[in-house]
Amino acid sequence: EAINSLLPVAQIGGELITARLLAMRGVPLNRSGAAIVVDLTTQMASQVVFTVFGLVLLFLGAHDGAMTPWIIAGAGVGLVLVVLFIGAQRFGMFKVLERGLIRLADKFGWESLGEVSGLHDSIVSLYGDHARRVWTSGGHHLVSWLLGCLEIWATLWALGLEPSLRDAVIIESLAQAVRIAGVLVPGALGVQEGGFIVICGLLGIPPHSAVAMALIRRIREIALGVPGLMAWQAMEGRHLARRRRARASEASS
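At position 166 of the sequence shown the residue is numbered 372 (our numbering), and the sequence of numbers has no breaks.
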């Protein structure tokens, strides 16, 4: 979370580092990779549900029929992307990737990369043999999105406004969608703030309050993200020290 929030990694660097940290703890790359792919899929699916929920609430309160095509288009595009991603997993996208990575491992002698063998089968196994856990993962992600609404509500209340839970859900759901749309911008800097201004404007919240809310969220991201980055570097440092000691021991023997 810290890596995705604070570093220019297009919102996927955190998942790659997760795979590395799991590998450092002895989890095979094919298993950790499969778990991350499936978790990312459930996160995408839950976010589509959450965003559609926010759009519906906005539509019901706006009484503007002109928004209907946008709601249908947004929901349709999100749903199609999730279905295509799941279908690609089931029908061999990661099998092709797996073969390519194995060839690279054989060509350049990257033994650790060779552990990716079996990635496709591990992904299919998670969907088939652990379907309940996959659904549970999606439920957990959805709950986390909803908890973000409480943060928005509390922030607006602290700014002296009188927000409703409906407003909080609309702001959080659409703000998260805007952040994903700005995936190529490091930390979605400017994108997130602009999104807050536009979304809050639809609800009659003044721009200065929207900017204040966006800055408060940035402070929260930094407060939680910096310790996360420090913890990651500490783990990398310990891992590097262990490898150096192991090499020194092998050299001396």
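Ideal Cβ positions, reconstructed from N, Cα and C, are used throughout, including at glycine.
Owing to the predicted nature of the structure, the values given are computational and were not obtained by experimental measurement.
Where does residue i land, buried or exposed, given buried means 16+ other C-beta within 10 angstroms?
i: Val181; result: No answer is possible for residue 181: it lies beyond the span of the chain, which begins at 207 and ends at 459.
i: Arg426; result: exposed
i: Phe297; result: exposed
i: Glu456; result: exposed
i: Trp363; result: exposed
i: Ser238; result: buried
i: Gln439; result: exposed
i: Val283; result: exposed
i: Ser370; result: exposed
i: Trp341; result: exposed
Given this structure, state the Cα-to-Cα distance separating residue i from residue j, to the nearest angstrom.
i: Glu368; j: Gly410; result: 12 Å
i: Ala251; j: Ser458; result: 53 Å
i: Arg385; j: His336; result: 31 Å
i: Arg423; j: Ser350; result: 15 Å
i: Ile377; j: Gly443; result: 40 Å
i: Val233; j: Gly306; result: 21 Å
i: Val254; j: Leu285; result: 7 Å
i: Leu303; j: Ala241; result: 16 Å
Within a Cβ cutoff of 8 Å, which residues of the same chain sit near residue i, ignoring the five residues on either side of it in sequence?
i: Glu207; result: Gly220, Leu430, Gly431, Gly434
i: Met230; result: Met441, His445
i: Val288; result: Thr247, Met250, Ala251, Val254
i: Arg372; result: Leu263, Gly267
Whole-angstrom Cβ separation of residue i and residue j, contact assumed at under 8 Å?
i: Phe291; j: Ile329; result: At roughly 11 Å, the Cβ-Cβ gap does not stay under 8 Å, so Phe291 and Ile329 are not in contact.
i: Thr248; j: Gly344; result: 4 Å
i: Val322; j: Leu235; result: 5 Å
In terms of residue numbering, what span does the alpha helix (DSSP H) encompassing residue i cover?
i: Asp413; result: It is Pro, not Asp, that sits at residue 413 in the sequence shown. Taken as a continuous stretch (DSSP letters only), the alpha helix (DSSP H) holding Pro413 covers 413 to 458.
i: Gly400; result: 397 to 408
i: His336; result: No alpha helix (DSSP H) contains His336, which DSSP labels as neither H nor E.
i: Ser211; result: 208 to 212
i: Glu368; result: Note, Glu368: premise wrong, no alpha helix (DSSP H); not H, not E.
Spatial neighbours of residue i within its chain, please: CB distance less than 6 Å, with the 5 preceding and 5 following residues excluded, ordered by chain position.
i: Phe256; result: Trp351, Ser379
Spell out whether any CB of chain D is found under 8 Å from the CB atom of residue i.
i: Ala416; result: This model lacks chain D altogether, as it is built from one protein chain only.
Between residue i and the rest of its own chain, which residues show a CB-CB distance below 7 Å, the 5 nearest in sequence each way excluded?
i: Ile223; result: Ile209, Trp438
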